[in-house]
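Residue numbers (the working numbering), protein chains in the order written: chain Z, 459 to 710; chain U, 44 to 161. Here's the structure we're looking at; comments come further down.
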Amino acid sequence: MEIITKFIDKNGLILAFLIVGIILFISDQISRIVFNKKFPTPALAIIIGLVLAYVGGAITHGEKGISDIKWLSGMGTLGGNMLRDFAIVSTAFGASIALIKKSGLIGAISLIIGILLSFTIGLSIAWLMGYRDAISLTTIGAGACTYIVGPVTGAALGAGSDVIALSIATGVVKVVTVALITPVIAKRIGLDNSRSAMVFGGIMGTNAGVMAGLAATDPKLVPYGAMTATFYTGLGCLVCPSLFYFLVKGMV
Amino acid sequence: MIIYGVALLALCYIGGQLLGDWLGILLHANANVGGVGFAMLFLILINSWLEKKGYLDELTSSGLRFWSQMYIPIVVAMAATQNVKAAFSSGMVAILAGFIPVLISFAIIPVISRLIKS
Chain Z
459 MEIITKFIDK
469 NGLILAFLIV
479 GIILFISDQI
489 SRIVFNKKFP
499 TPALAIIIGL
509 VLAYVGGAIT
519 HGEKGISDIK
529 WLSGMGTLGG
539 NMLRDFAIVS
549 TAFGASIALI
559 KKSGLIGAIS
569 LIIGILLSFT
579 IGLSIAWLMG
589 YRDAISLTTI
599 GAGACTYIVG
609 PVTGAALGAG
619 SDVIALSIAT
629 GVVKVVTVAL
639 ITPVIAKRIG
649 LDNSRSAMVF
659 GGIMGTNAGV
669 MAGLAATDPK
679 LVPYGAMTAT
689 FYTGLGCLVC
699 PSLFYFLVKG
709 MV
Chain U
44 MIIYGVALLA
54 LCYIGGQLLG
64 DWLGILLHAN
74 ANVGGVGFAM
84 LFLILINSWL
94 EKKGYLDELT
104 SSGLRFWSQM
114 YIPIVVAMAA
124 TQNVKAAFSS
134 GMVAILAGFI
144 PVLISFAIIP
154 VISRLIKS
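Right, dumping it as structure tokens:
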């Protein structure tokens with residue numbers, strides 16, 4: 459037993475790779491078997507992550523979720539700010555200037571409106587529910603953009619872990635809502651051609667939700683939605699912890 | 044080599060984050076102002092330039108692609124290490140702030156589609 463404890467102590471990050479791999483495997487199976495792929499795997503995996511964080515907090519009364527359990531402290535290394543930001547930056551790899559030109563004005567307009575809309579409404583709801591400080595308001599508003607923009611913004615501004623957790627959860631609710639409602643409502647909002655799919659991708663922006671939603675509507679539309687959605691998180695990470703934060707700070 | 048891709052990513056990350064920190068000081072924000080966003084912007088610019096010049100080979104790309112595939116697992120680990128217990132009592136905020144903006148966004152899509160068409 460002592461050997462194992464010592465081993466895990468020294469190899470926490472490697473154990474975290476294994477655990478997260480298992481979480482994603484389970485999520486993928488649930489998505490496939492229970493939900494017929496209609497429920498995005500990333501959203502399920504993050505929900506499992508949040509549940510584990512709650513369990514960790516309940517057991518240890520600590521503030522760092524599952525990583526407060528000693529032998530799981532490697533999860534904190536894997537999910538820490540440095541690796542997270544590094545991996546998020548790499549997602550811009552798929553985007554190029556050629557793609558920006560291709561998505562053009564449609565993309566630009568829908569992205570700007572989409573981010574503004576989600577941020578403002580998310581922030582207003584946080585305000586109505588009693589949040590008053592600029593950092594928490596901005597972080598939750600950013601979470602209403604995507605589950606990435608939320609924690610990136612929160613970490614950049616120095617928000618509390620509980621507020622960051624809320625912003626992740628907000629983003630996850632968004633993914634699930636987009637994925638499940640899109641196929642039902644597609645006809646009504648004219649989501650049946652490449653142009654409206656690009657608008658849809660730019661307005662919603664949450665990648666996993668956009669792709670799952672469009673795939674269930676008409677697989678041919680997926681690349682168009684993905685084209686504009688690709689830029690959403692990057693743009694969100696750029697404007698939320700800067701321009702938007704200062705605007706919110708000025709108003710609070 | 045794969046490390047070229049990873050090093051390129053590191054270069055963009057460092058440049059972006061430093062710019063974000065520096066802007067934070069400049070604007071008296073005590074925060075990193077848009078660092079990740081700047082880093083992504085740098086990556087898009089450098090990547091497009093390299094692609095145009097034909098310098099981007101398969102192995103370099105796979106160094107970048109590995110990390111972009113790792114982001115969901117990393118986000119899962121991040122979610123698992125937040126103070127969810129403290130956030131649980133205000134979980135309604137997450138449900139409403141996740142749900143309502145999406146409904147309004149759905150409503151606005153046909154409006155914008157039409158606007159762009161004309």
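Note that the Cβ used here is the ideal one computed from N, Cα and C, for glycine as well. Note that the structure is a prediction, hence the values are computed from the model and not measured.
Any chain Z beta carbon closer than 8 Å to residue i
i: L61(U); result: no
i: S105(U); result: no
i: Y98(U); result: no
i: L50(U); result: What sits at residue 50(U) in the sequence shown is Ala, not Leu. Closer than 8 Å: no.
i: W174(U); result: Lying before the first or after the last residue shown, residue 174(U) is absent from chain U, which here runs from 44 to 161.
i: I46(U); result: no
i: I117(U); result: yes
Simplified DSSP state of residue i, which is helix, strand or coil
i: G553(Z); result: As written in the sequence, residue 553(Z) is Ala, which differs from the Gly given in the question. Of the three classes helix, strand and coil, the one that applies to A553(Z) here is coil, per DSSP.
i: L70(U); result: coil
i: P498(Z); result: coil
i: L649(Z); result: coil
i: R590(Z); result: coil
i: A602(Z); result: coil
i: E521(Z); result: coil
i: F465(Z); result: helix
i: I527(Z); result: coil
i: L77(U); result: Here residue 77(U) is Gly; the residue named in the question, Leu, does not match the sequence. If DSSP states are grouped into helix, strand and coil, G77(U) belongs with coil.
i: V706(Z); result: helix
i: V633(Z); result: helix
i: G694(Z); result: helix
i: A644(Z); result: coil
i: A617(Z); result: coil
i: D64(U); result: helix
i: D445(Z); result: The structure shown does not extend to residue 445(Z), since chain Z spans only 459 to 710, so no value can be given for it.
i: T611(Z); result: helix
i: D676(Z); result: coil
i: T664(Z); result: coil
i: V145(U); result: helix
i: V492(Z); result: coil
i: M459(Z); result: coil
i: M83(U); result: helix
Chain Z residues whose Cβ lies nearer than 7 Å to that of residue i
i: G78(U); result: A614
Partners in chain U for residue i, counting only beta-carbon separations shorter than 7 Å
i: S554(Z); result: I87, N90, S91, E94
i: T635(Z); result: G141, F142, V145
i: T675(Z); result: Residues of chain U passing the Cβ test: none, with the nearest at roughly 12 Å.
i: F658(Z); result: I152
i: F483(Z); result: Those do not exist, as F483(Z) stays about 11 Å from chain U at its closest Cβ, beyond 7 Å.
i: A584(Z); result: V136, A140
i: P641(Z); result: Chain U residues near P641(Z): none, gap ~12 Å exceeds 7 Å.
i: S568(Z); result: I155
i: I504(Z); result: V118, V119, A122
i: S561(Z); result: Correct list: empty, because the minimum Cβ distance to chain U is about 12 Å.
Contacts of residue i in chain U (Cβ-Cβ under 8 Å)
i: D543(Z); result: Y56, Q60, G78, V79, A82
i: L575(Z); result: P144, I147, S148, I151
i: A511(Z); result: A122, A123, T124, Q125, N126, V127, K128
i: M587(Z); result: S133, M135, V136, L139
i: A687(Z); result: Residues of chain U passing the Cβ test: none, with the nearest at roughly 12 Å.
i: K632(Z); result: G141, F142, P144, V145
i: G629(Z); result: G141
is_contact[residue i, chain U] using C-beta, thresh 8 Å
i: P681(Z); result: no
i: I564(Z); result: yes
i: Y690(Z); result: no
i: L638(Z); result: no
i: F551(Z); result: yes
i: L508(Z); result: yes
i: I461(Z); result: no
i: M662(Z); result: yes
i: V610(Z); result: yes
i: L696(Z); result: yes
i: S654(Z); result: yes
i: V547(Z); result: yes
i: G671(Z); result: no
Listed by chain order, chain Z residues near residue i by CB distance under 9 Å
i: I68(U); result: Those within 9 Å of I68(U) in chain Z number zero; the least Cβ separation is about 13 Å.
Beta-carbon neighbours of residue i, restricted to chain U and to distances below 9 Å
i: I466(Z); result: By Cβ distance, chain U contributes nothing, its closest Cβ being about 16 Å from I466(Z), past 9 Å.
i: G708(Z); result: Per Cβ cutoff of 9 Å: no residues; G708(Z) is ~12 Å from chain U at best.
i: G648(Z); result: I152, P153, S156, R157
Taking only runs of the alpha helix (DSSP H) that begin and end inside the segment 94-140 of chain U, which ones reach a length of at least 4 residues, in chain order?
101-123, 127-131
Taking a cut of 7 Å between CB atoms, which residues from the segment 517-541 of chain Z lie near chain U?
E521, K522, G523, I524, S525, M533, G534, L536, G537, L541
Compile a chain-ordered list of the residues in the segment 590-606 of chain Z whose CB is closer than 9 Å to at least one CB of chain U.
I593, I598, G599, G601, A602, C603, Y605, I606
Tell me which residues of the segment 616-627 of chain Z have at least one Cβ-Cβ distance to chain U shorter than 9 Å, keeping chain order.
G616, G618, S619, D620, V621, I622, A623, L624, S625, I626, A627
Which residues of the segment 139-152 of chain U have a Cβ closer than 9 Å to any Cβ of chain Z? Give them in chain order.
L139, A140, G141, F142, I143, P144, V145, L146, I147, S148, F149, A150, I151, I152
Using a Cβ cut-off of 9 Å, which residues of the segment 470-500 of chain Z contact any Cβ in chain U, in chain order?
A474, F475, I477, V478, G479, I481, L482, S485, T499, P500
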